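Working notes, structure below.
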Amino acid sequence: MRADESRAPNACAVDPWAAEFVAAAGPQDPPPGGPEARAFLHDGVAVRTRYFDDCLLEAVRGGCTQVVLLGAGLDARAFRLPWPRPVDVFEVDLPELLAFKERVVGGRVPAVARRVTVAADLRDDWAEALTAAGFDPARRTAWLCEGTLAYLAPDRADAVVRAMAAHSPPGSAVAAETATSHGSLDCLRSCRDALAADGAPWRSSLRDPASWWAERGWRMTVPDPASLPYAAERMARYVPMLREAGDTGGWLLTGTRCGPTPA
């Protein structure tokens with residue numbers, strides 16, 4: 001989806017690395033669902049990518065000197081974002097995923113960022129591996145959980161967010177995606193079913209994400225994606241479908257570290 005979006009006129013976000021990853025992975029099945037569902041998923045991914053791009057750049061401009069991508073996957077932000085200053089970008093993911101990624105990267109390095117890969121499982125003690133790789137919990141950090149927390153069991157998602165807070169001084173930032181608790185949107189239901197059949201079910205969701213994050217040390221903002229200047233036109237045609245289903249499909253959130261570290 002990011003590769004297709006990158007070739008579109010007036011793209012929300014351009015990711016020249018996406019096509020390289022797709023080519024290296026070989027033939028893939030299309031996303032599940034009919035044409036309307038696929039269009040919705042494509043536009044949602046495009047808007048999500050741009051939203052998180054902007055969040056991370058704003059956090060670095062605001063003083064964060066480290067960026068941590070939890071469940072980084074095939075994220076190429078270390079390379080493609082116009083970082084306003086030198087920044088350390090840590091990519092945390094499973095060893096086999098990072099090994100595939102390194103075959104495509106082929107030794108290339110970002111122009112501004114210092115990229116550090118951290119082979120770790122978010123279900124284990126990933127924070128220890130992150131610190132061992134050079135992460136400094138005393139420095140202000142921008143965290144990204146893009147398409148990550150929904151795949152963790154509720155207790156593990158809770159542990160990840162608490163660990164983030166424990167390793168973040170005040171003024172650190174977070175951007176995250178959280179699945180809703182409704183699950184009534186047909187196109188998302190077909191997507192969830194396909195992921196579950198492939199061994200990657202969505203395991204957790206939140207009915208009130210702002211309150212949930214606040215209890216874990218983060219003051220969150222929950223924007224309406226359709227209100228964003230680059231998203232309004234893209235998302236407008238889906239509003240009736242979303243309203244009828246009573247389901248937005250997920251929240252895009254941003255927040256800052258606040259208060260004492262929760263127990």
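With the working numbering, letter number 179 in the sequence shown gets 179, and the count goes up by one each step, no holes.
Even for Gly, the Cβ is constructed at its ideal location relative to N, Cα and C.
No experiment lies behind these values; they were computed from the predicted model shown.
Could you say which of 120, 142 and 204 lies nearest to residue 152 if we only look at CA atoms? 204
By Cβ distance, which residues of its chain are closer than 7 Å to residue 209, with the 5 residues on each side in sequence left out? 178, 220, 222, 251 and 253
Once you ignore the five residues that flank residue 230 on each side, which residues in its own chain have a CB closer than 6 Å to its CB? 12 and 50
Touch check for the segment 68-82 and the segment 190-200: three-plus C-beta pairs under 8 Å? no
Could you pull out every residue in the same chain whose Cβ sits closer than 8 Å to the Cβ of residue 80, ignoring the five residues on either side in sequence? 14, 15, 16 and 17
In this structure, what does DSSP give as the bridge partners for residue 255? 174 and 220
In whole angstroms, give me the CA-to-CA distance for residue 64 and residue 26. 37 Å
Could you give the DSSP three-state label for residue 117: helix, strand or coil? strand
Would you kindly check if the distance between the Cβ of residue 56 and the Cβ of residue 144 is under 8 Å? yes
Using only the alpha-carbon positions, how far apart do residue 170 and residue 216 sit? 13 Å
Along the chain, where does the alpha helix (DSSP H) containing residue 65 start, and where does it finish? Note, residue 65: premise wrong, no alpha helix (DSSP H); not H, not E.
In its own chain, which residues sit with a C-beta less than 7 Å from the C-beta of residue 139, not counting the 5 before and 5 after it? 65 and 66
What would DSSP say about residue 89, mapped onto helix, strand or coil? strand
Nearest-angstrom beta carbon gap, residue 137 and residue 114 [assumed within contact, 8 Å]: At roughly 17 Å, the Cβ-Cβ gap does not stay under 8 Å, so residue 114 and residue 137 are not in contact.
Determine, using beta carbons only, whether residue 116 and residue 84 come nearer to each other than 8 Å. no
Hey, how far is the Cα of residue 125 from the Cα of residue 134? 15 Å
Boundaries (first-last residue) of the beta strand (DSSP E) holding residue 144: 141-145
What are the complete alpha helix (DSSP H) segments, minimum 4 residues, inside the segment 3-72? 16-25 and 35-61
Residue 160 versus residue 154 - alpha carbon distance: 10 Å
Residue 94 and residue 121 - do their beta-carbons sit closer together than 8 Å? yes
For the candidate residues 19, 36, 1 and 259, whose alpha-carbon lies nearest to that of residue 240? 36
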